[in-house]
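The sequence shown begins at 37 in this note's numbering and counts up one residue at a time.
Even for Gly, the Cβ is constructed at its ideal location relative to N, Cα and C.
All figures in this text were calculated on a predicted structure; none of them were measured in a lab.
Heads up: the structure comes next, in structure tokens.
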Amino acid sequence: MSTDVFQRNPINQPRPLVGHNAVRGDAGLVAAVRAQAGDHADALLDSLDELGLEAGSAETREHGMLANEHPPALRPVDRFGTRIDEVEFHPSWHHMMSRGIAHGLGATPWVSDEPLPHLRRAAGYIAWTPLEPGHGCPITMTYASVPALRSDDALAKEWTDLLASTSYDFGLREPHTKRGLLAGMGMTEKQGGSDVRTNVTRADGQDDGSYRLTGHKWFTSAPMNDLFLVLAQAPDGLSCFVLPRVCPDGSLNDVRIVRLKDKLGNRSNASSELEFHGAYAQRLGDEGKGVRTILEMVAATRLDCVLGSAALMRRAVAEASWHVSQRAAFGATLIDQPAMTNVIADLALESEAATHLALRLARAVEQPHDEHEIALRRMALPLAKFWVCKRTPTVTVEAMECLGGNGYAEESGMPLLVRESPLNSIWEGSGNVNALDLLRVLARSPEAVEAWRREMACAAGEYEVLDRAVDSALSDLQVASCDLVTAQGRARSLTARLAVLLQASLLVQHSTGEVADAFVASRVAGEWDGVYGTLPASADVRSIARRALPA
């Protein structure tokens with residue numbers, strides 16, 4: 037009998053998506069970079085070539101898979117029973133961390149003298165982190181810690197350069213003896229969650245100006261990081277503190293890891309519950325101003341939630357389009373069959389809209405003193421955090437379906453993306469928190485609404501339906517600002533509309549005509565059933581789907 041019937045060398049199976057440049061080979065990402073970088077685009081893209089090639093390599097893909105197959109393990113005591121409170125990671129976790137930090141995805145942009153370092157990092161983050169999303173968490177928190185530390189000149193000077201290092205130096209040692217540091221954050225407690233005003237962790241001042249913290253944190257990722265920004269109740273109210281894992285004298289700080297969380301996704305990352313038993317800390321900012329102080333860190337982590345979700349979308353769509361471009365069924369390649377062409381094009385629209393919005397927000401960080409950019413971030417960050425993170429699970433699940441049963445198998449990498457996809461919507465403020473933040477912006481920052489309107493004006497006159505939608509949204513904002521209590525019930529709807537309109541404006545300005553036409557027709561004009569693969573007949577789905585293919 038011929039061995040062909042056993043298909044020992046199967047045909048009609050796509051090759052793995054490896055051996056490409058994950059930056060240069062992504063048309064939508066390159067377009068978004070060029071839109072925001074202007075004259076610096078070529079140099080910025082050149083600087084990401086090494087990262088892009090490494091992100092597209094088989095080696096990095098394998099390390100990402102292994103880091104999730106072998107999750108971290110808590111070691112509360114050593115073999116003699118001495119408290120050590122350490123976490124052990126698989127070598128592939130350390131590989132991903134080392135390379136991500138080396139590529140400048142940590143706090144490096146804050147000390148860089150290169151043009152547009154935050155935009156460069158954002159593009160690199162999108163290309164790199166979906167290979168192993170868990171390690172993006174400590175990288176994000178390290179990046180986000182620096183703007184909060186700047187509320188105290190002395191502490192910023194002490195910590196920033198080490199946090200901005202491109203050296204990954206794992207292990208609990210006196211921080212100033214290390215080549216590079218990582219930062220974390222502890223805000224929530226078991227009784228309050230997002231309502232940090234209910235925090236009960238106590239901070240007792242010492243004669244030397246330091247504090248001793250006693251209490252707990254319910255959800256603190258990456259407990260092996262070197263220092264943490266945490267909230268605790270000082271005599272004058274809720275305050276922010278810098279808490280190192282190792283004290284200045286080299287002794288372990290009295291921080292105990294109660295357990296590691298058993299999570300849906302993000303399994304490579306050691307999210308933990310912590311207890312402080314008189315732990316040494318330094319106050320950051322004024323007593324009683326802790327929330328205001330740490331909000332700079334929260335804002336930066338929210339930006340990375342948007343970047344991370346855009347990254348997951350881009351990876352999912354790349355895998356799906358790659359698969360269907362090489363898989364044939366019923367006599368034709370899948371990507372050329374009308375139903376599948378429409379699905380891939382629809383997913384690509386969602387992904388490219390998220391990418392343009394994410395990089396526009398990253399560019400706003402480059403101009404910290406520009407009033408328009410400050411106001412835009414205040415308005416657009418909660419919009420983007422709400423909408424982009426909400427869309428990610430639907431994109432990853434639909435993309436997985438494009439691979440059929442192959443996609444449901446762990447070795448495809450698609451289940452990893454699906455499990456990760458809900459996280460960013462929860463982290464640093466759930467959907468309701470961000471939607472209600474919009475109402476707070478309406479109450480306190482009318483200049484932020486004007487910034488959104490100015491951004492929308494950049495695309496005015498191109499599509500009548502878009503112009504009408506913007507006018508309608510501005511009217512609804514005015515109504516909401518007059519009755520913020522009643523508006524709470526409509527906050528999510530209003531937040532989603534504003535986000536989609538901002539995405540539409542960016543695509544009209546910076547993407548292809550085919551992409552802009554299809555997005556406006558489907559997401560703004562409503563020629564869409566809300567299910568992927570239902571773009572209207574007017575959409576040039578073939579060109580949009582082909583654009584999504586990794587080069």
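Check	Outcome
Cα-Cα separation between L265 and S257, rounded to whole angstroms	12 angstroms
Residue(s) in a DSSP beta bridge with V278	L265 and Q318
Beta-carbon spacing of H99, H131 below 8 angstroms	yes
Contacts around K297, its chain only, beta-carbon distance under 8 angstroms, and the 5 residues preceding and following it disregarded	F255, S307, S308 and E309
L217 (DSSP reduced to helix, strand or coil)	coil
Reference E95, options A487, L452, A587 and L167, closest by Cα	L167
Entirely enclosed beta strand (DSSP E) segments - the segment 183–254, minimum 3 residues	219–222 and 238–241
Neighbour-count burial assignment, F277, 16 or more Cβ in a 10 Å radius	buried
Continuous alpha helix (DSSP H) stretch holding R338: start and end	G326 to Q362
Proximal residues to T531 (C-beta, below 6 angstroms), its chain only, five neighbours per side dropped	L419, F422, A471 and L474
A471 - containing alpha helix (DSSP H), residue span	G467 to R480
Nonlocal neighbours in the same chain, by C-beta distance under 7 angstroms from T178, ignoring five residues either side	G142, A143, L199, L218 and A219
Where M300 falls, given that 16 or more other Cβ within 10 Å makes a residue buried	According to the sequence shown, residue 300 is Leu rather than Met. Classification for L300: exposed.
Among V294, Y444 and G160, nearest to D88 - alpha-carbon criterion	Contrary to the premise, residue 88 reads as Gly rather than Asp in this sequence. Selected option, being the one with the closest Cα: G160.
C276 at chain C interface by Cβ criterion, 8 angstroms	In the structure shown, chain C does not exist; there is a single protein chain.
Contact check, P259 vs V123, beta carbons under 8 angstroms	yes
Distance between A368 and Q545 (C-alpha atoms, nearest Å)	35 angstroms
Integer-rounded CB distance, given that D62 should sit under 8 angstroms from P404	About 28 angstroms; that fails the 8 angstroms criterion.
Distance between H252 and E407 (C-alpha atoms, nearest Å)	38 angstroms
Rounded C-alpha distance that separates R364 from R295	Residue 364 is actually Ala in this sequence, not Arg. If I take the Cα positions, the gap works out to 48 angstroms.
Coil, strand or helix - R583 by DSSP	helix
Neighbourhood of E210 by C-beta distance below 6 angstroms, restricted to the same chain and skipping five residues each side	V282 and G286
Sufficient close CB pairs (3 or more, under 8 angstroms) joining the segment 78–93 to the segment 51–59	yes
Pair within 8 angstroms by beta-carbon distance, A400 and S481	no
Burial state of K214, where buried means 16 or more other Cβ atoms lie within 10 Å	buried
Contact set for E563: own chain, Cβ-Cβ below 7 angstroms, skip 5 residues either direction	A557 and P572
Assigned secondary structure, D121 (DSSP; H/G/I helix, E/B strand, else coil)	strand
Three-state class that DSSP yields for H131 in the structure shown	helix
Contact check, A505 vs V454, beta carbons under 8 angstroms	no
Span separating the alpha-carbon of L263 from that of L155	26 angstroms
Distance CB(I580)-CB(A390) smaller than 8 angstroms	no
Coarse secondary structure for S137, derived from DSSP in three states	Per the sequence shown, the amino acid found at residue 137 is Ile instead of Ser. Here I137 sits in helix by DSSP.
Local Cβ density within 10 Å of S511, reported as buried at 16 or more and exposed below that	exposed
R292 - containing beta strand (DSSP E), residue span	V291 to L296
Cα-Cα separation between E437 and P169, rounded to whole angstroms	21 angstroms
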